[in-house]
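Residue numbers (my numbering): 432 to 1642.
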């Protein structure tokens, strides 16, 4: 609304002021700002701004009317930038175009008209375009890439180049530069209608040696460019060679001397090519063939000079021969500049003089004479110097003795010719001549053969010698070979076929009957001894012979040579029967020929298509049975050694009756909720047949909206891999969408489905039937006995597992958490007395191909209790604890004392599987307590515990009341006393032995008799039951002593200590049933103790079965305390009356380390020398105390030792 008001007021206002103009240039595509000065301070408030291009307004702006609009083609590209009270506004033109170039007018309207205000301002806008390219062009207008080396140009050649730059506005200025030197050029411009054009600067220079490697640069400059566009090229200039120098030979040389000629050419670019000439013939690689073998290939080397030219150095090396004598060798140099300018090459020449020995030739080389005819032989030579020193003729390599003119004349340096007078057969041979000059001696290079002629005898040779085939069209060479005659070469030969003249050679148009006639036949220039039979056919078959003629006349005819020519059989004829060929039947093909060929053909070649049938070579081919391969072209032809005859081909069309390739299986099942169900059959038939489907013998309705089935049919081409003809594949597809809930019915959908084909004229139709079953995975699994209880050692009853599935499920059993299959089948049969370890859950798994399901049954193995007694002290009282394990766990306990009928009913506390008996302190005697555990299965075997009197007393024994110092003193006194007794005993034994020797007193005590006596051992079982390892293994059987009432055991010696003691020690130390205090402290003596052999030679250690008395008790010595075993080994006579007792040991049988210094001393061990007259013997018995709390401490010579077992020696 405001704009309309302003527009109405404009005609009223008068515009006065000044006009200004500005020049602005910009690149096409850029954004331009056209300025317009506004002086509101001087001219008052702004009303509007209007921009014009020529007479057309392109933009209007009014801040009062709130208008800012571009018009015409500037709509969307123009925008005015102005802020109130600013002194300048700008018209922004985006995407500057070439058409935007013009004079723009900015018209300013103020609300008041004042003097001196620039109300109209002009802007001259120029659109610039950067040049698109700058390129260098050849004279023919083709472009040269920048930085390219051009040339080569020849010295003095005119170079014409053009530099072109286009696509810019204004047209760029183009200049040529050589380094910093500006070159004169002809510039021209070709402007376009819109100011965009092309500029060209043409340069023309004459190239010289100074332009070698020059760089010419073209520059294009323009207002639109911030930097010049440049393109450059480098010029390659060729220049002439400046100089040639030849050196190497000053005077003559001897033959065989190496000559080196050097040719040097300088100042050429490109390098000069040097060619050597021997006279006018080139030498080396420039020659078609080297003039002489002695001349080697020239060697050339190039050297680049500092000015860019090249120096070429060529050496020609050769050994001087007579052929170079007087020859001129020339070095000639040229390069492309000389060739282009058609100038003569640079060259220099040297003449060679070569001194060489004679080069000798004799003539004539062949001389044929009759006897008594003179023969003249010439000896010609070439030598430098030509003066001869000697002449010598040789015949067959031996010197000819000259006889002063009687038979030979000549053969001297002045007359080298040799005359043989009245030649005889002796003079026949090979003659040569040897000459000598000042340089050397040489024999003639050829020889002269002197012969006497006689008629030839010949034989015929045929190549090849074997028969040939007509089809190969070979050439046969007949050679009439000279077997005897002089000369051996034939002048003429007559050839015969089956004794008839076939040809006479040479065939000169005249009959050669005499040697003189042959000489006059100048046109007969062939070898008559060879006859070529070309393209031999069957007509060349026959016997060939020849006769030859030499200078002496015609010789006799040769023997016959037969030429055998084979040729192939004729055209074949092929038929077959029967006329209709059916698959799996038979067909016979018959091949016949009329012309059998040479030799007569008996073999035939058969082809099926292009494939040969190698196994058949007869005239008939029988195919049985007919298959897909029979549907083919068959070809037969006869052949012999002459080749193959013309074949005959026939095509056999094979028919196939309807036959199943893929039948329906006897059974086909599908999962009841399967998404895709189909049956497929494949029928081979040629010609094609139709296929239909039946359900339970009735055709299946297809193509109806309610039909549950569809049929897919496809025709497969013949398959050579499987020998199948064209076949039809028919697939019956269940449309599961038509079934209720998209699932098959387990009962009603089980049916017989049939695939049936139609009949053809070849055979009847075929059909195949399958039973279709609806399948589902196992379900409703159950077991006959969920929980089966069975007494340990009994055989459990059979457990059955059943489930419902189709196909019928399979079953397997395994224990829970065990993947190993225990049994297969639906019955779990454990047909053996079951132990308790076999109890637990058993899993039955029923499965088929659609899934599996499991069910558990539990086998509960019942067993009677098992118990064990342990003991501990509670509030100063000894408590026996009986722990039992049983199934069922409802257990009753009963306590008794062994060998008494009394049942203990007091001080008993029972808690589940544990019963505790607290002992009273009033008990004074040794007792064995029994614990019985009973459940519904039965009663356990009683477990026992031996309790000694001190264990039942409240106060410990006197030994326990002693402190360690008193125990050490007491043990030292006992040990000292024991050592004193041993020393006294040894002394008495020695004295008695000496006395025995002196008095010859008889033996009243024979140790051998004692060894043979049966030892009597106390067999009280109660003693073993008190041992700490009771219950681990049964005690050994012992013989009872007849009069023993106390718990004492003797030391038993074993013949094989390693057998018993090692196993016992191992079992005791590793047994988990050992009491902890015994197992950890190891304060026990094992049943069998292994004692290693003594270190003294001839002495024997024996192991013993050691058992100990009650702890902390000492028993008086027993008479004859040492009980020797009948198994005690016999000793040699010298050691018959002595043995060693064991040393302190560990349970493993190794000598205990703390006693090492004692055990290593034989004095520490009680040693007894038994005398023959010794009646009684008090032997130490090794006792083991069973006290674990206070083991005795022994002192030996001030050392305190705590042994692993408390040991007491009792006498």
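Cβ coordinates follow ideal geometry from the N, Cα and C atoms, glycine included.
Fair warning: this is a prediction, and the values are worked out from it, not measured in the lab.
Start and end residues, beta strand (DSSP E) containing residue i
i            : result
residue 1308 : 1308 to 1318
residue 1227 : Element bounds for residue 1227: n/a, residue is neither H nor E.
residue 1100 : 1098 to 1102
residue 611  : Looking at the DSSP string, residue 611 is not in any beta strand (DSSP E), and its letter there is neither H nor E.
residue 565  : 564 to 568
residue 935  : 931 to 936
residue 961  : 961 to 964
residue 1004 : 1003 to 1008
Beta-carbon spacing of residue i, residue j below 9 Å
i            : j            : result
residue 1083 : residue 1012 : yes
residue 627  : residue 644  : no
residue 1085 : residue 1116 : no
residue 893  : residue 870  : no
residue 1112 : residue 1189 : no
residue 924  : residue 900  : no
residue 1266 : residue 1226 : no
residue 616  : residue 633  : yes
residue 660  : residue 701  : no
residue 746  : residue 735  : no
Residue i in three-state terms, based on DSSP
i            : result
residue 685  : strand
residue 1571 : Confidence at residue 1571 is low in this model, with a pLDDT of 35, below 50, so the placement of that residue is unreliable and no value is reported for it.
residue 676  : strand
residue 500  : strand
residue 1424 : helix
residue 852  : coil
residue 1238 : coil
residue 1406 : helix
residue 1168 : helix
residue 1250 : coil
residue 1401 : helix
residue 705  : strand
residue 488  : strand
residue 1366 : coil
Identity of the residue in the options nearest residue i by Cα
i            : options                : result
residue 396  : 651, 763, 729          : Past the boundaries of the shown model lies residue 396; the chain is included only from 432 to 1642, so the question cannot be answered.
residue 1214 : 1229, 1197, 1233       : 1233
residue 1171 : 1188, 1139, 1034       : 1139
residue 456  : 902, 883, 529, 1148    : 529
residue 1272 : 1253, 1278, 1280, 1279 : 1253
residue 1247 : 1216, 1379, 1289, 546  : 1289
Close Cβ partners of residue i (< 7 Å) along its chain, the five nearest in sequence each way excluded
i            : result
residue 1040 : 1063, 1064
residue 846  : none
residue 1049 : 1035
residue 933  : 926, 927
Contacts around residue i, its chain only, beta-carbon distance under 8 Å, and the 5 residues preceding and following it disregarded
i            : result
residue 1291 : 1218, 1219, 1220, 1221, 1270, 1318
residue 468  : 451, 518, 519, 549, 552
residue 1241 : 1255, 1277, 1278, 1279
Contacting residues, own chain, Cβ-Cβ under 6 Å from residue i (five flanking each side not counted)
i            : result
residue 636  : 590
residue 983  : 884, 885, 886
residue 860  : 826, 827
residue 824  : 831, 842, 849, 864
residue 1004 : 1023, 1079
residue 1021 : 1006, 1051
residue 974  : 929, 991, 993
residue 1301 : 1312
Residue i: first and last residue of the uninterrupted alpha helix (DSSP H) it sits in
i            : result
residue 898  : Note, residue 898: premise wrong, no alpha helix (DSSP H); not H, not E.
residue 472  : 471 to 474
residue 1266 : That residue, residue 1266, is in no alpha helix (DSSP H); it is neither H nor E in DSSP.
residue 767  : 767 to 771
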